[in-house]
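Structure first, then comments.
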Amino acid sequence: MPLVLTLCGSLRAASSNRTLLRATEFVAPKGVVFEHYESLGELPHFNPDLETGPLPASVAELRARIGRADAILISCPEYARGIPGSFKNALNWLVGGHEFPDKPIALFNASPRASDAQAALRLVLTTMSGRVIDESSIAIPLLSKSRDAEAIAADPDMRPILERGLAALLAAIEPPQSD
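Per UniProt numbering, the sequence shown starts with residue 1, numbered consecutively.
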(Lines of atoms letter the chains of each structure in order from A and count residues from 1; the text may use other names and numbers.)
(Lines give C-alpha, C1' and ligand atoms only; values in the text may rest on other atoms or scores of the structure.)
Protein backbone atom coordinates (compact mmCIF):
# COMPACT_ATOMS: atom_id res chain seq x y z
CA MET A 1 0.00 0.00 0.00
CA PRO A 2 1.54 3.32 -1.08
CA LEU A 3 2.50 5.93 1.51
CA VAL A 4 2.09 9.57 0.43
CA LEU A 5 3.73 12.22 2.60
CA THR A 6 2.11 15.64 2.38
CA LEU A 7 4.12 18.81 2.88
CA CYS A 8 2.29 22.09 3.36
CA GLY A 9 4.37 25.18 2.67
CA SER A 10 2.28 27.32 5.01
CA LEU A 11 2.55 27.63 8.77
CA ARG A 12 -1.08 28.80 9.07
CA ALA A 13 -3.38 26.34 10.82
CA ALA A 14 -6.29 27.35 8.56
CA SER A 15 -4.24 27.31 5.36
CA SER A 16 -6.11 26.64 2.11
CA ASN A 17 -3.03 24.65 1.03
CA ARG A 18 -3.36 22.38 4.07
CA THR A 19 -7.08 21.96 3.39
CA LEU A 20 -6.34 20.99 -0.22
CA LEU A 21 -3.88 18.33 0.95
CA ARG A 22 -6.46 16.94 3.37
CA ALA A 23 -9.14 16.91 0.67
CA THR A 24 -6.98 14.56 -1.36
CA GLU A 25 -7.45 11.83 1.25
CA PHE A 26 -11.21 11.85 0.55
CA VAL A 27 -10.68 11.03 -3.13
CA ALA A 28 -7.86 8.51 -2.68
CA PRO A 29 -8.29 4.90 -3.71
CA LYS A 30 -8.61 2.39 -0.91
CA GLY A 31 -5.24 1.38 0.49
CA VAL A 32 -3.42 4.67 -0.05
CA VAL A 33 -1.99 5.92 3.24
CA PHE A 34 -1.37 9.62 3.90
CA GLU A 35 0.98 11.10 6.46
CA HIS A 36 0.92 14.85 7.00
CA TYR A 37 4.16 16.53 7.99
CA GLU A 38 3.09 19.25 10.43
CA SER A 39 6.42 20.29 12.02
CA LEU A 40 7.65 22.82 9.46
CA GLY A 41 7.89 25.59 12.05
CA GLU A 42 10.00 23.44 14.40
CA LEU A 43 12.95 23.05 12.02
CA PRO A 44 16.05 25.06 12.95
CA HIS A 45 17.49 27.52 10.46
CA PHE A 46 19.49 25.57 7.89
CA ASN A 47 23.18 25.43 8.75
CA PRO A 48 25.46 23.02 6.85
CA ASP A 49 27.75 22.86 9.88
CA LEU A 50 24.99 20.98 11.73
CA GLU A 51 25.12 18.17 9.16
CA THR A 52 28.58 17.06 10.27
CA GLY A 53 27.39 15.72 13.64
CA PRO A 54 24.14 14.22 14.76
CA LEU A 55 21.30 16.00 12.99
CA PRO A 56 18.84 18.05 15.03
CA ALA A 57 15.98 15.72 15.99
CA SER A 58 13.40 17.62 13.92
CA VAL A 59 15.61 17.38 10.81
CA ALA A 60 16.28 13.68 11.36
CA GLU A 61 12.53 13.09 11.68
CA LEU A 62 11.79 14.98 8.45
CA ARG A 63 14.42 13.03 6.54
CA ALA A 64 13.18 9.72 7.96
CA ARG A 65 9.61 10.50 6.94
CA ILE A 66 10.74 11.46 3.44
CA GLY A 67 12.70 8.19 3.28
CA ARG A 68 9.65 6.09 4.23
CA ALA A 69 7.32 7.81 1.76
CA ASP A 70 6.65 6.36 -1.67
CA ALA A 71 5.63 9.79 -2.99
CA ILE A 72 5.44 13.40 -1.84
CA LEU A 73 2.47 15.71 -2.26
CA ILE A 74 3.23 19.42 -1.82
CA SER A 75 0.90 22.40 -1.61
CA CYS A 76 2.69 25.69 -1.06
CA PRO A 77 1.51 29.30 -1.01
CA GLU A 78 3.27 32.16 -2.72
CA TYR A 79 4.74 34.91 -0.53
CA ALA A 80 6.19 37.97 -2.25
CA ARG A 81 6.28 36.04 -5.57
CA GLY A 82 8.33 33.20 -4.11
CA ILE A 83 8.54 30.17 -1.84
CA PRO A 84 7.88 30.95 1.84
CA GLY A 85 11.15 31.06 3.78
CA SER A 86 10.12 28.37 6.26
CA PHE A 87 9.37 25.94 3.43
CA LYS A 88 12.59 26.71 1.59
CA ASN A 89 14.39 26.09 4.89
CA ALA A 90 12.87 22.60 5.07
CA LEU A 91 13.94 21.87 1.51
CA ASN A 92 17.48 23.03 2.29
CA TRP A 93 17.66 20.45 5.09
CA LEU A 94 16.83 17.70 2.57
CA VAL A 95 19.67 18.53 0.16
CA GLY A 96 22.39 16.76 2.16
CA GLY A 97 20.43 13.56 2.66
CA HIS A 98 19.91 10.51 0.46
CA GLU A 99 16.15 10.23 1.09
CA PHE A 100 14.79 12.82 -1.33
CA PRO A 101 16.34 12.19 -4.78
CA ASP A 102 14.06 10.54 -7.35
CA LYS A 103 10.93 10.64 -5.17
CA PRO A 104 7.83 11.26 -7.28
CA ILE A 105 6.37 14.66 -6.37
CA ALA A 106 3.01 16.29 -7.07
CA LEU A 107 2.61 20.06 -6.76
CA PHE A 108 -0.91 21.05 -5.79
CA ASN A 109 -1.74 24.74 -5.93
CA ALA A 110 -4.59 26.34 -3.98
CA SER A 111 -4.26 29.59 -5.93
CA PRO A 112 -3.67 29.49 -9.70
CA ARG A 113 -2.34 33.07 -9.38
CA ALA A 114 0.64 31.70 -7.42
CA SER A 115 2.53 30.76 -10.57
CA ASP A 116 5.84 32.39 -9.58
CA ALA A 117 6.16 30.30 -6.43
CA GLN A 118 5.20 27.15 -8.36
CA ALA A 119 7.89 27.83 -10.96
CA ALA A 120 10.48 28.55 -8.26
CA LEU A 121 9.45 25.44 -6.33
CA ARG A 122 9.70 23.27 -9.44
CA LEU A 123 13.20 24.64 -10.11
CA VAL A 124 14.35 23.97 -6.54
CA LEU A 125 12.84 20.47 -6.42
CA THR A 126 14.34 19.37 -9.74
CA THR A 127 17.71 20.84 -8.72
CA MET A 128 17.45 18.63 -5.63
CA SER A 129 16.83 15.61 -7.95
CA GLY A 130 13.17 15.36 -7.05
CA ARG A 131 10.98 13.88 -9.77
CA VAL A 132 8.14 16.36 -10.29
CA ILE A 133 5.32 14.59 -12.10
CA ASP A 134 3.81 17.15 -14.48
CA GLU A 135 0.52 15.27 -14.89
CA SER A 136 0.02 15.26 -11.12
CA SER A 137 0.61 18.97 -10.63
CA ILE A 138 -2.74 20.73 -10.44
CA ALA A 139 -4.29 24.07 -9.48
CA ILE A 140 -7.63 24.47 -7.73
CA PRO A 141 -8.81 28.00 -6.91
CA LEU A 142 -9.55 28.01 -3.18
CA LEU A 143 -8.76 31.62 -2.29
CA SER A 144 -11.63 33.37 -0.49
CA LYS A 145 -13.59 30.12 -0.35
CA SER A 146 -14.22 28.78 3.11
CA ARG A 147 -14.67 25.10 2.45
CA ASP A 148 -13.45 22.22 4.50
CA ALA A 149 -11.57 19.29 3.02
CA GLU A 150 -14.64 17.09 2.71
CA ALA A 151 -16.59 19.80 0.84
CA ILE A 152 -13.70 20.32 -1.58
CA ALA A 153 -13.53 16.59 -2.27
CA ALA A 154 -17.28 16.46 -2.84
CA ASP A 155 -17.35 19.45 -5.20
CA PRO A 156 -18.27 18.18 -8.70
CA ASP A 157 -15.77 20.55 -10.37
CA MET A 158 -12.87 20.05 -7.96
CA ARG A 159 -13.10 16.32 -7.26
CA PRO A 160 -12.12 15.16 -10.78
CA ILE A 161 -9.09 17.47 -10.75
CA LEU A 162 -7.96 16.07 -7.39
CA GLU A 163 -8.54 12.50 -8.57
CA ARG A 164 -6.52 13.03 -11.78
CA GLY A 165 -3.64 14.67 -9.91
CA LEU A 166 -3.47 11.94 -7.30
CA ALA A 167 -3.84 9.15 -9.88
CA ALA A 168 -0.87 10.52 -11.86
CA LEU A 169 1.24 10.68 -8.70
CA LEU A 170 0.34 7.13 -7.69
CA ALA A 171 1.09 5.87 -11.22
CA ALA A 172 4.60 7.35 -10.91
CA ILE A 173 5.45 5.22 -7.87
CA GLU A 174 7.79 2.49 -8.96
CA PRO A 175 6.92 -1.00 -7.75
CA PRO A 176 9.37 -2.55 -5.28
CA GLN A 177 12.22 -4.41 -6.94
CA SER A 178 12.20 -8.17 -6.32
CA ASP A 179 15.50 -9.98 -5.98
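Just so you know, even glycine gets a beta-carbon here, dropped at the ideal spot from N, CA and C.
Taking 8 angstroms as the cut-off, decide whether the C-beta atoms of Val27 and Leu166 are in contact. yes
Please name the residue or residues paired with residue 197 in a DSSP beta bridge. Residue 197 cannot be examined here, being either before or after the span of the chain that is shown, 1 to 179.
Assuming contact is defined by CB atoms lying nearer than 8 angstroms, are Ala64 and Lys103 in contact in what I supplied? no
When you compare the CB positions of Leu43 and Phe108, do they come within less than 8 angstroms of one another, or not? no
Is any beta-carbon of chain C found at less than 8 angstroms from that of Ala110? Among the chains of the structure shown, chain C does not appear; only one protein chain is present.
Which first and last residues belong to the beta strand (DSSP E) in which Thr6 is found? 3-8
Alpha carbon of Leu83 to alpha carbon of Ser111, nearest angstrom: At residue 83 the sequence reads Ile, which differs from the Leu that was named. Each residue's alpha carbon lies about 13 angstroms from the other.
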